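Just so you know, the protein sequences line up as chains A and B, in that order. Residue 439 in the working numbering sits at position 439 of the first sequence, with consecutive numbering throughout. Residue 685 in the working numbering sits at position 63 of the second sequence, with consecutive numbering throughout. C-beta atoms are modelled at their ideal positions from N, C-alpha and C, and glycine is treated no differently. These numbers were taken from a predicted model, which means no experiment stands behind them.
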Amino acid sequence: MGCFWINPLKSVRQMANKPEASVVVAAILAVLFCSAPVLSEAHELNEDDAGVCPIFGYEDSTGVPLYRLATQEDVDGFADVIGDDCYLLDGVLHIGLLENETVESSLSPVTDLGPLEQLEVIGALRIGNVPGLTNLDGLHNLRGDIQFISIKDAPNLQNIDALSNIDAIKDLGHGGLGVVVERTALKSLRPLTNAAAYGDFWDFIVRENPLLADCEWPQDGTSPQSPIIRDNLLGCNSVAEVIEFAGRDRYELKVTALPGGTVSLESLAPGLIMTSRGLETGAAVTDPLNNASDDELRHWGSIPVPDGHYLELEASPESGYASLAIESDCFGGKQYFGGERWVISSMEDDCFFYASFQPDTAIDIDSVTLHSSVCRAADYANEQELMRREGGIQNAGMAPVEVLCPVPRLVSPNSWKLVKALYSNALGRLPDRYFDSRVRKLSSDTQNTASLIRDFYLSPEFAARGLSNEAYIRSLYQVLLDRSGAEQGIEYWVNQLKMGNSRNFVLDNFLASQEFLARTDAFADLTSPTQTELEIKFANDHPAPYAPDSSCKVFINSPNIASVGDSSKESVYFRVPSPAFSSEPLPIFLGYESAPALLDNYVLTCRLQPGVGITKLTLLEK
Amino acid sequence: MRHLIPVRQISLGCALLVASFSQSFAAGEVVVTAGLECNAVTPLHAKRAEWREYGVINKDNTKDLWVSCPLDRIDASSFSDRHFSAALSVFNTESSPNSTAEISCYLKEMLGSKRVSGKNRSAPLDSGKQTILGVCDSEPKDWTSSFIWVCRLPAGTGISSLMTESHLPGISNSLLAQQLASSGVACGD
């Protein structure tokens with residue numbers, strides 16, 4: 001349908017109700033404009049025509065027929081009131097509340113336009129103050145021309161896909177002409193961009209849509225007279241931006257930074273608003289919710305990146321933390337990456353970037369690192385498919401191979417660990433021949449822990465190292481308290497030294513601290529680690545761009561547990577993305593919340609796809 | 623007909639003490655690893671072996687499987703007088719009743735290709751049972767020597783864990799020795 005005529009009876013009514021000259025002129029112009037090019041298709045509308053919906057009211061300001069659906073109950077009852085055989089609504093369809101209007105307690109806000117699917121042609125669409133509306137499904141049968149589309153204060157409206165059959169914005173005598181979109185969750189104005197617009201003066205007002213990056217006006221017909229485009233996302237903040245980004249796809253990049261560090265975004269555009277929370281490029285992305293769940297964080301922070309633009313991301317761990325592998329699907333398939341800087345040069349789809357951080361490893365961590373050639377095929381017949389090279393074991397066959405890898409643990413008493421830590425941290429070297437006697441003294445209580453520690457920190461050898469005050473404080477934190485000191489605490493103690501207090505004074509304070517005293521009991525005990533981490537590095541030479549993922553499981557064997565069924569227990573299952581980003585080793589970290597028993601050992605089992613290999617295994621225990 | 627029983631279904635015969643100590647230790651460093659590190663002694667024996675997440679097992683119905691298990695020895699310093707203790711966990715998956723299997727293992731100290739010392743441990747093991755064999759507080763002949771377990775595994779039996787310790791001399795300084803002693807397993811000479 002091209003455009004439809006105004007019923008002369010209605011036009012008279014409009015003029016009677018709305019004497020403003022501009023409206024009269026507009027109505028006349030509309031009649032002339034619509035009639036000229038499509039005269040042969042045009043026809044007059046009468047309320048009695050088949051399919052034309054009856055009129056129940058008029059807008060006060062314009063006298064245009066008005067169909068107002070303020071609540072969901074109004075929407076649901078639309079067919080009952082209007083009749084279920086009408087499809088042409090010759091006036092303004094207004095959905096939502098008026099400004100400052102509230103929904104009565106017995107009624108519901110509009111959330112679903114499904115009951116309106118009988119409508120095929122309307123004069124104009126005005127949607128406002130509809131916080132519960134997420135899409136316009138139900139208006140999907142609308143087609144032909146429309147005079148204006150106004151959508152305001154729909155903060156959860158994510159798309160207007162239902163308007164894909166609208167042909168043109170055209171003056172039909174229903175008041176203003178054009179498109180207004182304000183304060184929505186829209187990312188794009190498509191499919192309106194694909195429609196046409198006709199008229200010498202038509203509005204295009206698009207502002208304050210925090211996620212909107214794609215807002216080209218209807219491309220066919222005439223251009224808007226004085227478009228207002230501002231306070232949206234990159235590509236949609238000015239006429240110049242709209243022109244610059246015209247025709248480009250926009251993809252959404254979701255960025256998540258877990259506690260322990262930040263991710264900064266650079267090189268996209270200065271002042272780019274990143275999210276509705278107001279972050280910008282150059283600003284850091286941090287855990288916004290303070291200990292939010294992974295799931296909450298995973299969906300936090302998004303940015304539309306036009307194709308052709310590159311975005312540089314840098315993960316920066318805070319003091320006391322280190323970067324873990326970055327999880328992302330921005331480079332094809334879900335993958336893990338090491339390093340701290342990445343450039344996304346061209347996006348081809350929505351993707352995510354998920355940065356996590358782990359506390360710095362303590363100095364007394366016992367770790368065991370193995371070359372992966374210790375792994376073997378679970379089925380001896382498949383051993384021939386495994387290639388053992390200097391880079392590690394690799395599936396050189398054409399089919400997946402199940403491999404088993406023993407992961408040794410190193411267990412030692414805390415007294416032993418403390419003496420090792422004193423040698424490595426206070427003296428900065430390997431233990432000497434006095435190591436055993438010191439352990440023996442500590443274990444037999446012939447020397448208490450504080451005395452042993454003083455021996456090290458007051459020794460001429462330690463003094464000769466010439467550590468700075470800050471390094472001294474950090475060493476005390478690490479050895480005595482088994483953790484990295486918080487920056488605030490380190491600064492406090494450094495200031496104490498600057499104020500003239502001696503290092504001995506600071507050492508005594510550490511030795512007298514409740515935290516240290518709580519540890520002294522543990523020095524005499526053999527305790528299991530409280531946390532275990534397994535780092536596995538993979539490589540992938542598979543030539544196929546989208547090979548299936550490999551998968552691994554970790555089993556805990558407990559040789560000295562009497563209970564039935566616990567001697568071999570599956571602990572962790574994870575997938576290894578394939579293909580790897582490159583043949584560079586791809587580290588995977590596994591953390592265990594519960595401590596293993598003393599003689600427990602780990603076995604890693606992996607189903608390696610062709611081309612995938614394991615380079616090394618490292619077990620860290622804290 | 624004999625069926626293999628997954629290790630997780632074995633009713634363990636020995637109830638060993640889970641690590642929990644209140645006394646102080648001068649014990650050294652214990653390395654704990656899985657029995658699947660053990661290798662069949664020849665390719666022929668390898669065809670009888672099956673490696674699972676819980677270790678190596680003899681899947682042959684009739685023939686013994688001989689395996690050798692390399693052990694980790696952490697000594698670190700030539701001037702330190704460290705003794706060596708080693709243990710391994712063995713199991714019997716034989717499901718037939720009264721199918722006691724005799725598992726024999728030899729702890730060998732190797733200096734180059736030459737065996738410089740060796741000690742034997744063996745235990746009859748009923749079906750569905752698991753136990754630990756160990757040699758404790760042995761004084762290495764040389765600080766550069768290496769240790770290996772060589773075991774004969776009858777049908778249906780296997781090795782799930784390997785444990786070694788380099789510690790100050792004396793069985794009282796051996797964590798492994800105390801672990802085994804607390805569960806009634808003798809590991810001294």
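Residue-level contact check: A/S412 touches chain B, since one or more beta carbons of chain B fall below 9 Å from its beta carbon.
By the criterion of at least three beta-carbon pairs nearer than 8 Å, the stretch 736-753 of chain B is not in contact with the stretch 656-672 of chain B. Listed in chain order, the non-local C-beta contacts of B/L693 below 7 Å within the same chain comprise A708, F769, I770, W771, L784, T786, local neighbours out to five positions each way being set aside. With the criterion set as a beta carbon lying under 9 Å from some beta carbon of chain A, the members of the stretch 668-686 of chain B are A668, K669, A671, E672, W673, R674, E675, Y676, G677, in sequence order. Our two residues, A/G175 and A/L233, have alpha carbons roughly 30 Å apart in a direct line. Excluding residues up to 5 positions away in sequence, N159, L212, A213, D214, C215, R250 lie with their Cβ nearer than 8 Å to the Cβ of A/S188 in the same chain. A buried status is given to A/Q609, since no fewer than 16 other beta-carbon atoms sit within 10 Å of its beta-carbon. The residue among A/F331, A/D329, A/Y354, A/D349 with its C-alpha nearest the C-alpha of A/S316 is A/Y354. Assigned with DSSP and collapsed to three states, B/S707 falls in strand.
A/G123 carries a strand assignment under DSSP once its states are collapsed to helix, strand and coil. The residue among A/L88, A/G123, A/D508, A/H371 with its C-alpha nearest the C-alpha of A/V407 is A/H371. In chain order, S412, W416 make up the part of chain A whose C-beta sits under 8 Å from the C-beta of B/G650.
A/P218 sits away from A/R183, with the two beta carbons spaced by 9 Å or more. Chain A has a Cβ within less than 9 Å of the Cβ of B/V653. For B/T684, the three-state secondary structure derived from DSSP is coil. Within the stretch 162-218 of chain A, the complete beta strand (DSSP E) segments of 3 residues or longer fall at 166-169, 178-184, 203-207, listed in chain order. Pairwise C-beta distances place the stretch 85-98 of chain A in contact with the stretch 123-138 of chain A, as three or more of them are shorter than 8 Å. Closer than 9 Å to the CB of B/D694 there is at least one CB belonging to chain A. Taking a cut-off of 8 Å for Cβ pairs, the stretch 611-622 of chain A and the stretch 380-395 of chain A touch, as three or more such pairs fall below it. Beyond the five residues adjoining it in sequence on each side, A/D153 comes within less than 6 Å, by CB distance, of G128, N129, R183 in the same chain, given in chain order. For A/W416, the enclosing alpha helix (DSSP H) starts and ends at 414-421. Nearest in C-alpha terms to A/F204, of all of A/I151, A/L442, A/A185, is A/I151. The beta carbons of B/V654 and A/D600 sit about 7 Å from each other, so the pair counts as a contact at 8 Å. For the stretch 740-768 of chain B, residues whose beta-carbon sits nearer than 9 Å to a beta-carbon of chain A comprise Q752, I754. In the DSSP assignment, A/I149 is bridged to A/L125, A/V179.
Contacts between A/Y472 and chain B, judged by CB atoms closer than 7 Å, are missing: the closest CB pair is about 27 Å apart.
In the DSSP annotation of this structure, B/P665 is not part of any beta strand (DSSP E); the continuous alpha helix (DSSP H) holding it starts and ends at 665-668. The Cβ atoms of A/D145 and A/K170 sit closer than 9 Å to each other. In the structure shown, A/T62 falls within a coil segment according to DSSP collapsed to helix, strand and coil. For A/S475, the uninterrupted alpha helix (DSSP H) segment begins and ends at 469-481. Residues of chain B with a Cβ closer than 7 Å to the Cβ of A/N601 are, in chain order, V654, T655, A656, S783.
A residue is called buried once 16 or more other Cβ atoms fall within 10 Å of its Cβ, and A/R376 is buried on that count. A/F456 places its beta carbon 9 Å or farther from that of A/L497. Bridge pairing for B/T786: B/V653, B/A708 [DSSP]. The beta carbon of A/L476 is closer than 6 Å to those of F510 in its chain, skipping five residues each way along the sequence. For B/L790, the closest Cβ of chain A is nearer than 9 Å.
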